[in-house]
């Protein structure tokens, strides 16, 4: 075989194998067309992408590519200094600790979750090939002390998902991947939702091809999970990506107060109705919140919007469970 | 939440420079990008191709600069801000993205900028009316002109903070305008508005820019508008974070503020709620 004369030539030969091309693109978190563009010179990878490309190759190929990159003066100090692909920047972790220390109660959850999810989206989907990240929380326990459903508290996405997923939030129950992960207190993923041959409870939402969920744990209790969806199949197989997800989930767990974590034996999730049924009911949400706030204003006992929302969500949970059991 | 004290914090952030404000500013950037039609919607493809070195002053947590770097790989974007918290935030976002064409550093835009003459093809300033006092504008524009290359573009965006049919919003805004006037952050003759918009062209003209153009846009957060809920969250949070400034400057008592905030949350959810923020972008070339 002729020796490749440049790193682009070598990459061309590596990705001539379609399966290998898909695998490498998936590992780096880019579209496979981007690899082709690197080969043709249409674009040049960023330092971090080159680093990830090297990590994605078998040793022999890695050494070869490394040499050719050096010849092309691309294996710069930047490459050596760039952070390893399975660690969160420590400066960022410190910022989250500081946010947790300095943010008042009423803004803590919002601040920590959004700060971490903003960072996680940039890190886990740097080329914006399509990812949604949602923070899912256990609803307060019902009168029998059992948690019956989960609710998507906040979420953010890269296209084709909208940037803010809060208005697409759903209740999730035993029928969902998040429900399974919370009930079992262990992470799980589904590599390709299109195949329909997975053994975990899950349903495919718009744009979603693969999914992964990681529980928020504290002192053997659980508060919910971090739910990730990708437009790509097998996106959550990479060990370095899974390691990052675990760390991001640990950081988000800091947004919860200890009393929001519940013992696993208190999780008794019900089946939640379909998305369409839920949205139909949610159409009344703003009206209910508004009425509650207006009543409290006239009664002279102010409740915050967050408090009003929490009451209405609990009313809606009750209605959804009734709907589910009656149907 | 602390108090508003520029002498201590060494910045004029009226909402503070906390983590919450960092997150809030990133989301506010997204709202403005949407309402303005993009990151640089008024610039032609030809102009964009000529922008290689870009400076964003008072960049906050870097929302605009990061998006520009992501969208235009040929641009090298530098963001400066007086707040070390914001710069740390921005750098963390840049590292997470793996972007090697954006960097952030601490810089006080009320002092001479730490860049050589003619360093940038595009110099951008967005909503700086909220973060530096009025007398600092003319010398800042002299500095922005100095660091812009001949033929390069200077671009400035400012907003008038909304007209609504909410009593609580209008009352809180009146308090904000009074407080801004006391703190030296408003341009208007009588304190009835921020008053930045008519100044933008003048700032550019006074430093010799040519081909000055303007582009208006608006953010509609009325009931039923696509940006209603993002605008709702942005503004209710902004007022919440503003409490130390408004109370600290002495324009409103804590209890009155709390009641207004409560009423605001309700009024902005009414079916007939109407609200619009006007934004103007002006840009011109350095000869």
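Protein chains in written order, with our numbering: chain A, 17 to 343; chain B, 208 to 494. Heads up, the beta-carbon is just placed ideally off N, CA and C, and yes, glycines get one too.
**OP:** Would you mind sorting residue 159/A into buried or exposed? The rule is 16 or more other CB atoms within 10 Å of its CB.
**Re:** Numbered from its first residue, the first chain carries residue 159/A at position 143. Counting Cβ neighbours within 10 Å, residue 159/A comes out exposed, since fewer than 16 surround it.
Original post:
So, using beta-carbon positions, are residue 173/A and residue 155/A closer together than 8 Å?
Top reply: In the first chain, counting from the first residue as 1, residue 173/A sits at position 157. In the first chain, counting from the first residue as 1, residue 155/A sits at position 139. Cβ distance not < 8 Å, so residue 173/A and residue 155/A don't count as in contact.
Original post:
Can you list the beta strand (DSSP E) stretches of 3 or more residues lying completely in the segment 211 to 270 of chain A, in chain order?
Top reply: 226 to 234, 237 to 246
Original post:
Does DSSP put residue 321/B in a helix, a strand or coil?
Top reply: As a position in the second chain, residue 321/B is number 114, starting the count at 1. Looking at residue 321/B - three-state DSSP - the assignment turns out to be coil, as it is neither helix nor strand.
Original post:
Along chain B, in chain order, which residues have C-beta atoms closer than 7 Å to that of residue 4/A?
Top reply: A query on residue 4/A cannot be resolved here, the shown segment of chain A reaching from 17 to 343 and no further.
Original post:
Between residue 261/A and residue 327/A, what straight-line distance do the alpha-carbon atoms span, to the nearest angstrom?
Top reply: Within the first chain, numbered from 1, the residue matching residue 261/A stands at position 245. Within the first chain, numbered from 1, the residue matching residue 327/A stands at position 311. So the alpha carbons of these two residues sit roughly 31 Å apart.
**OP:** Look up residue 340/A in the DSSP assignment and give the residues it is bridged to.
**Re:** The sequence position of residue 340/A within the first chain is 324, counting from 1. Note: residue 340/A sits in no beta bridge, so no partner.
**OP:** Leaving aside the five residues before and after residue 303/A along the sequence, list all residues of the same chain whose C-beta is less than 6 Å from its C-beta, in chain order.
**Re:** Along the first chain, one-based indexing puts residue 303/A at 287. There are no such residues.
Subject >> Cβ-based neighbour list, residue 220/A, same chain, cut-off 8 Å, excluding 5 preceding and 5 following >> reply: Translated into the one-based positions of the first chain, residue 220/A becomes position 204. Excluding residues within five positions, the ones whose Cβ falls inside 8 Å are 209, 210.
Original post:
Which one or two residues does DSSP pair with residue 420/B in a beta bridge?
Top reply: Numbered from 1 along the second chain, position 213 holds the residue referred to as residue 420/B. Bridge partners of residue 420/B: 490/B.
Original post:
Counting pairs of beta carbons, one from the segment 344 to 359 of chain B and one from the segment 307 to 327 of chain B, are three or more of them closer than 8 Å?
Top reply: yes
Original post:
According to the neighbour-count rule (16 or more other Cβ atoms, all chains shown, within 10 Å of its Cβ), is residue 218/A buried or exposed?
Top reply: For the purposes of this step, residue 218/A is taken as the residue at position 202 of the first chain. Per the 10 Å Cβ criterion, buried.
Subject >> DSSP-derived helix/strand/coil call for residue 456/B >> reply: Along the second chain, one-based indexing puts residue 456/B at 249. If DSSP states are grouped into helix, strand and coil, residue 456/B belongs with the helices.
**OP:** Determine contact between the segment 401 to 410 of chain B and the segment 481 to 489 of chain B, defined as no fewer than three beta-carbon pairs at a distance below 8 Å.
**Re:** yes
Original post:
What residues in its chain sit with their C-beta under 8 Å from that of residue 59/A, if we drop five residues either side in the sequence?
Top reply: The sequence position of residue 59/A within the first chain is 43, counting from 1. Here the set comprises 50, 53.
Original post:
Beta-carbon of residue 99/A versus every beta-carbon of chain B: anything under 8 Å?
Top reply: As a working note, residue 99/A is residue 83 in the first chain. The predicted position of residue 99/A is uncertain, since its pLDDT is 41 and thus under 50; a value taken from the coordinates is nonetheless stated next. For residue 99/A, the answer is yes, since a Cβ of chain B falls inside 8 Å of its Cβ.
Original post:
Is the shortest distance between the beta-carbon of residue 316/A and the beta-carbons of chain B less than 8 Å?
Top reply: By 1-based counting over the first chain, the position of residue 316/A is 300. No - not a single Cβ of chain B is within 8 Å of the one on residue 316/A.
Original post:
Mind pulling the chain E residues with CB within less than 8 Å of residue 307/B?
Top reply: Looking at the structure shown, chain E is missing, and the protein chains on hand are A and B.
**OP:** Please report the Cβ distance between residue 305/A and residue 286/A, rounded to the nearest whole angstrom; I am assuming they are in contact, meaning their Cβ atoms lie under 8 Å.
**Re:** Along the first chain, one-based indexing puts residue 305/A at 289. Along the first chain, one-based indexing puts residue 286/A at 270. Not quite, the Cβ-Cβ distance comes to about 24 Å (not below 8 Å), so this is no contact.
**OP:** Tell me, please, whether the CB atom of residue 504/B is closer than 8 Å to any CB atom in chain A?
**Re:** Here chain B comprises residues numbered 208 to 494, so residue 504/B is not present and cannot be evaluated.
Subject >> Secondary structure of residue 339/B, DSSP reduced to three states >> reply: If you number the second chain from 1, residue 339/B lands on position 132. DSSP places residue 339/B in coil when its eight states are reduced to three.
Subject >> Three-state secondary structure (DSSP) of residue 243/B >> reply: Taking the second chain and counting its residues from 1, the one referred to as residue 243/B is at position 36. Reduced to three states, the DSSP call for residue 243/B is helix.
Subject >> Residue-chain proximity (residue 386/B, chain A), Cβ-Cβ < 8 Å >> reply: For the purposes of this step, residue 386/B is taken as the residue at position 179 of the second chain. Not an interface residue.
Subject >> Any chain A beta carbon closer than 8 Å to residue 237/B >> reply: Against the second chain, residue 237/B aligns to sequence position 30. So yes, residue 237/B belongs to the interface.
Subject >> Short CB-CB distance (under 8 Å) between residue 108/A and chain B >> reply: On the first chain, residue 108/A is found 92 positions in, with the first residue counted as 1. Yes, because at least one Cβ of chain B sits closer than 8 Å to the Cβ of residue 108/A.
Original post:
Can you list the alpha helix (DSSP H) stretches of 4 or more residues lying completely in the segment 230 to 303 of chain B, in chain order?
Top reply: 252 to 257, 270 to 278
**OP:** Alpha carbon to alpha carbon, how far is residue 294/B from residue 205/A? Give it in angstroms, no decimals.
**Re:** Here residue 205/A refers to the residue found at position 189 when the first chain is read from its first residue. Here residue 294/B refers to the residue found at position 87 when the second chain is read from its first residue. Going from the Cα of residue 205/A to the Cα of residue 294/B covers about 36 Å.
Original post:
If you compare alpha carbons, which of 102/A, 162/A, 130/A is closest to residue 111/A?
Top reply: Counted from its first residue, the first chain places residue 111/A at position 95. The shortest C-alpha separation from residue 111/A is found at 130/A.
Original post:
Taking residue 86/A as the reference, which of 295/A, 74/A, 183/A, 67/A has the closest Cα?
Top reply: One-based indexing of the first chain puts residue 86/A at position 70. Taking only the C-alpha atoms, the option nearest residue 86/A is 67/A.
Subject >> Spatial distance of residue 259/B from residue 282/B (CA atoms) >> reply: Counting from 1 along the second chain, the entry for residue 259/B is found at position 52. Counting from 1 along the second chain, the entry for residue 282/B is found at position 75. One C-alpha to the other measures close to 4 Å.
Original post:
Of all Cβ atoms in chain B, is any one closer than 8 Å to the Cβ of residue 281/A?
Top reply: Numbered from its first residue, the first chain carries residue 281/A at position 265. Taking Cβ atoms only, chain B never reaches closer than 8 Å to residue 281/A, which makes this a no.
Original post:
Out of 228/B, 235/B, 328/B, 226/B, which has the shortest C-alpha to C-alpha gap to residue 439/B?
Top reply: Counted from its first residue, the second chain places residue 439/B at position 232. Ranking 228/B, 235/B, 328/B, 226/B by Cα distance to residue 439/B puts 235/B first.
Original post:
Closest by CA to residue 393/B, which one among 226/B, 341/B, 454/B, 312/B?
Top reply: On the second chain, position 186 is the one that residue 393/B refers to. Ranking 226/B, 341/B, 454/B, 312/B by Cα distance to residue 393/B puts 341/B first.
Original post:
If we count the other Cβ atoms within 10 Å of its Cβ and call it buried at 16 or more, is residue 292/B buried or exposed?
Top reply: Indexing the second chain from 1 puts residue 292/B at position 85. It counts as buried.
**OP:** Would you be able to state if there are at least three C-beta pairs under 8 Å between the segment 455 to 462 of chain B and the segment 429 to 439 of chain B?
**Re:** no
Subject >> Contact set for residue 270/B: own chain, Cβ-Cβ below 6 Å, skip 5 residues either direction >> reply: Here the question's residue 270/B lines up with position 63 in the second chain. Result list for residue 270/B: 233, 236, in chain order.
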